[in-house]
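Reviewing the structure listed below.
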Amino acid sequence: MEYDDSSPIPIEGAFYATASYQKPTLNYFREEQVFDLNALLSVVDDDEETAVLKDNNLLSIKQSPEFAKNKRPDTPTNRICTSLFQRERIAFLLEFGVAYVKERSGIQKHIMRYPQIFATKAIEQKLLEGVKKGIIWHTQGSGKTALAYYNVKYLSNYFQNKNIIAKFYFIVDRLDLLIQASREFKARGLIVHNIDSKEAFARDIKQTVAIHNDSGKAEITVVNIHKFKDDPDVIKNVDYNLNIQRVFFLDEVHRSYNPKGSFLANLEQADRDAIKLGLTGTPLLGEEYNSKLLFGGYMHKYYYNASIKDGYTLRLIREDIETSYKINLQNTLAAIYEETEILKGSGNKKLVYAHKKFVEPMLDYIIKDFEQARISMNDNTIGGMVVCDSSEQAKMMYDIFQAQYAKPEGLGEQEQTTPYSTKHKLNSQVNSAAVILHDIGTKDERKQLVEDFKEGKIDFLFVFNMLLTGFDAPRLKKLFIGRVIKAHNLLQALTRVNRPYQNFNYGYVVDFADIESEFEKTNRDYFKELQSELGDEIEHYTNLFKSQEEILKEIQEIKEVLFHFDTTNAEMFSSQISQINSRYEMLKITHALNNAKSLYNLIRLSGDFEMLERLDFKILNILSREADRRLALINTKEALENNVDASNLLNVALEDVIFSFTKVNEAEMVLADELKDVLQRTREGLGDNFDQQDLEFISLKEELERLFKKKNLSEISKEQMESNIKALNDIYNRAKELERKNQLLRAKYDNDEKYARLHKRLMEKDPLTDSESKLFDALKGLKTEVDNQIQQNAKMLENESFVEKMVTRIVIDQFKNKHHIPLTAVATKRINGLVVKEYMNEYYGRAATARL
């Protein structure tokens, strides 16, 4: 299947990943090169193809139209195989494209994302052309620091092949970014040198060796530009005759690089022959400061649209504050001005916005809105951040929070008897916060607070100017903006909430400062210059925010689907949907309800308050759960009544039922989780069975049917859950033993499932012989003869009657004549029917379901 670019999770298409003991991270691959497939792909010899099919016991599909189609080089799987498994490409990935990253949870194995692959190859191409500076324009969140790491490995090898020593520098403009970059490089195994003074940089840049460690590990020097930008003499270099190639990675080249200042001149003087690679997600495009003019042309570009499609970036939703709160704020401001004579006529709004009478209702709105977001999104792990109007406002907001909302550690713990639903609501409350300002605390203290927020130990951050750029915390999903942020700094701030996290489709921005006009102006000016800079490529940069038209269209679709139902009364809604027996109809309803939950903030944004009144979002989770439960029961009923195979029964119905439990306390929650785990294990134990017509397998399936026909699983007690766990464990153990025996038998027939099934069918009822080894010899001879006939004329499978006559002749020859197993006309017909059905099922790609 092709990629579904509208889906937030990778479920359709061909992906690549590194092996993982847990859940692997699936990566999209979108080829950027054009291949001459006629020259690249060799023609597969017919004998070689036959040998491969024969080795896999699949000779029967050789002439099938499905096999012919699947061999085409333009199918999604074949395209990605062509892209990744060309000799040069796979060698490149194996040598340079894998990183072992030390995380708090352990070692993670990462593989290069496709934009990083093509950016690396683009850098190489530019170097071959003699170009020594340029910009990598990759959107925020696409892994630019990781890209630098991969290029340290690749460019070290590139220059080593030219007998040149490469030295690498990663240049940042802020101390927190220096710490962050250093941490990321160390986590990937690089030796990192941090420069903390102009003298240290002068000494380092004059070094004529690239490695200062005994282990031979690659090294990189991370430099803060402010340590040496004002001293053009200290870093003069005189070693141009040495075989040294310095490579400067300049992080975020849209900031701090003033062409009228000394840094760029100093950088140029440091080594005029150095390679300078600028990294940015939002380059400056103005006339005075133009990133392209300062750092060279674009070597590679990866825009928001592609990043959103690839799941590396979320779209953003801007929420306006409610009208009632706006009126409340205006009244509060008026009261403050009236009471505070000193502020009258002063125009000092900063003091007004930091007044406790203004901050207190603002904070109250923020806390309530965020807690409601946690409930509606069903995720208490998300964090929030407030961009305050001033440092004074941030301090006041933190003080009020500490006085009114903060809870000491352990105080929020509830007794075991507290109902689970109550605990869930209490857990959505905001209990902790931190203020991050340059004049509060030490650097180490601020660093620790930021780390605590990333790890989920702190719910909220209050900031003014800090953390608006370069701050990467995937759990930050709601940003409250209390002041106007100008130009491209606004885009930088907004994208703090666009990192992928859990199954979120969007990042949310709440607007207190009416940033909409500033954002529209920023977008208008930015896109105007982007258009002149990129021409038609503007289309790749327009999809960051969900458009009003898209929002309204989805809202209208939800309205249409739910129009006939009572969405204000959960009991009535449950009664109405209980009359539905169509799985298709219930799928439409569950999809609409789940979509409505994710679009709750979009509906508020649209101003369609009538829809909010008709669809009570406080009971939306209940309605969604009722709909999911009804769909699960329909799935189960259909599976049981239609007698579908047990793999479908388990995959489609049973786990859905488990997920619909209403857990009321910790003990039942733990039991339900255990039941889900046992069920998953049982599903895997049965689902992989290649012989689902086995009498013992059918017996296990029937036990499952009896188990889940007894009672509505959403209503079972703790004791019944324990009983179900025991029953499922018994089924699992028996299924595991059955699978062990199946695998032994399949191995006897060169792993051909067809003949393992035939062997079992012929031994089950009225066996032809008491000797399994004798039956095996006859079937093995039959397999060899039939496969040889198909190898000589694979098209014969298009004519089933011809195959029946051929197989009848071979059956008589192998069983009666060669292995002396008595045959009656009935027995011959039965064997023939089983054999032909197996081959025809394989040819047409059907599951083996027949019992004769």
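Numbering-wise (the UniProt record's numbering), the sequence shown opens with residue 1 and increments by one.
We treat Cβ as the ideally placed atom computed from N, Cα and C, and that holds for glycine.
Quick caveat: nothing in here was measured; it's all calculated off a predicted structure.
Any idea what DSSP makes of residue i, helix, strand or coil?
| i | result |
| --- | --- |
| Asp511 | strand |
| Leu479 | strand |
| Lys162 | coil |
| Ile107 | strand |
| Glu48 | helix |
| Gln245 | strand |
| Gly297 | coil |
| Glu319 | strand |
| Tyr302 | strand |
| Glu2 | coil |
| Tyr755 | helix |
| Tyr506 | strand |
| Tyr16 | strand |
| Asn489 | helix |
| Asn724 | helix |
| Lys126 | helix |
| Asn57 | coil |
Going by DSSP, what residues sit across from residue i in a beta bridge?
| i | result |
| --- | --- |
| Thr221 | Tyr169, His193 |
| Leu250 | Ile171, Gly278 |
| Val101 | Gln108 |
What residue does the beta strand (DSSP E) around residue i start on, and which one ends it?
| i | result |
| --- | --- |
| Phe462 | 460-463 |
| Ile135 | 133-138 |
| Thr280 | 275-280 |
| Val387 | 383-387 |
| Val450 | Element bounds for Val450: not the beta strand (DSSP E) but the alpha helix (DSSP H), 443-454. |
| Ala434 | 433-436 |
Using beta-carbon positions only, say whether residue i and residue j come within less than 8 Å of one another.
| i | j | result |
| --- | --- | --- |
| Tyr506 | Leu316 | yes |
| Arg318 | Asp511 | yes |
| Met466 | Ile440 | no |
| Ala735 | Arg746 | no |
| Val387 | Leu476 | no |
| Asp251 | Leu177 | yes |
| Ile558 | Arg630 | no |
| Gln180 | Leu147 | no |
| Thr77 | Phe35 | no |
| Leu700 | Ile731 | yes |
| Val509 | Leu479 | yes |
| Tyr154 | Arg188 | no |
| Asp204 | Ile195 | yes |
| Met572 | Ala627 | no |
| Thr139 | Tyr28 | no |
| Asn57 | Asp566 | no |
| Leu267 | Phe295 | no |
Could you check which residue in the options has the C-alpha nearest to that of residue i?
| i | options | result |
| --- | --- | --- |
| Asp46 | Thr824, Gln579, Gln791 | Gln791 |
| Ser197 | Gln180, Val222, Leu700, Ala218 | Val222 |
| Asp766 | Thr784, Ala827, Ser723 | Ala827 |
| Asn594 | Ile171, Lys153, Asn378, Tyr365 | Asn378 |
| Asp214 | Glu199, His759, Ile191 | Ile191 |
| Ala306 | Gln429, Gln125, Glu32 | Glu32 |
| Gly740 | Val835, Ser60, Thr442, Phe690 | The question names Gly, but residue 740 in the sequence shown is Arg. For the residues Val835, Ser60, Thr442, Phe690, the minimum Cα distance to Arg740 belongs to Phe690. |
| Val44 | Ser142, Gln22, Asn57, Arg72 | Arg72 |
| Ile458 | Gln492, Gly383, Ser390, Glu392 | Gly383 |
| Arg246 | Asp204, Phe168, Val52, Gln160 | Phe168 |
| Asn841 | Lys754, Ala433, Val678, Arg496 | Lys754 |
| Lys447 | Phe815, Phe170, Arg183 | Arg183 |
| Asn724 | Asn194, Glu703, Asp752, Ala51 | Glu703 |
Identify the continuous alpha helix (DSSP H) that holds residue i and give its terminal residues.
| i | result |
| --- | --- |
| residue 853 | This structure leaves residue 853 out entirely; the chain is present only between 1 and 852. |
| Arg30 | Counting along the chain, Arg30 falls outside any alpha helix (DSSP H), and DSSP gives it neither H nor E. |
| Leu782 | 772-792 |
| Val484 | Careful: Val484 lies outside any alpha helix (DSSP H) and carries neither H nor E. |
| Val807 | 800-811 |
| Phe370 | 356-377 |
| Asp204 | 198-205 |
| Pro65 | 65-70 |
| Val835 | 825-844 |
| Asp694 | No alpha helix (DSSP H) holds Asp694; DSSP gives it neither H nor E. |
Consider the Cβ of residue i: report whether some Cβ of chain D lies at a distance smaller than 8 Å.
| i | result |
| --- | --- |
| Lys443 | Looking at the structure shown, chain D is missing, and only one protein chain is on hand. |
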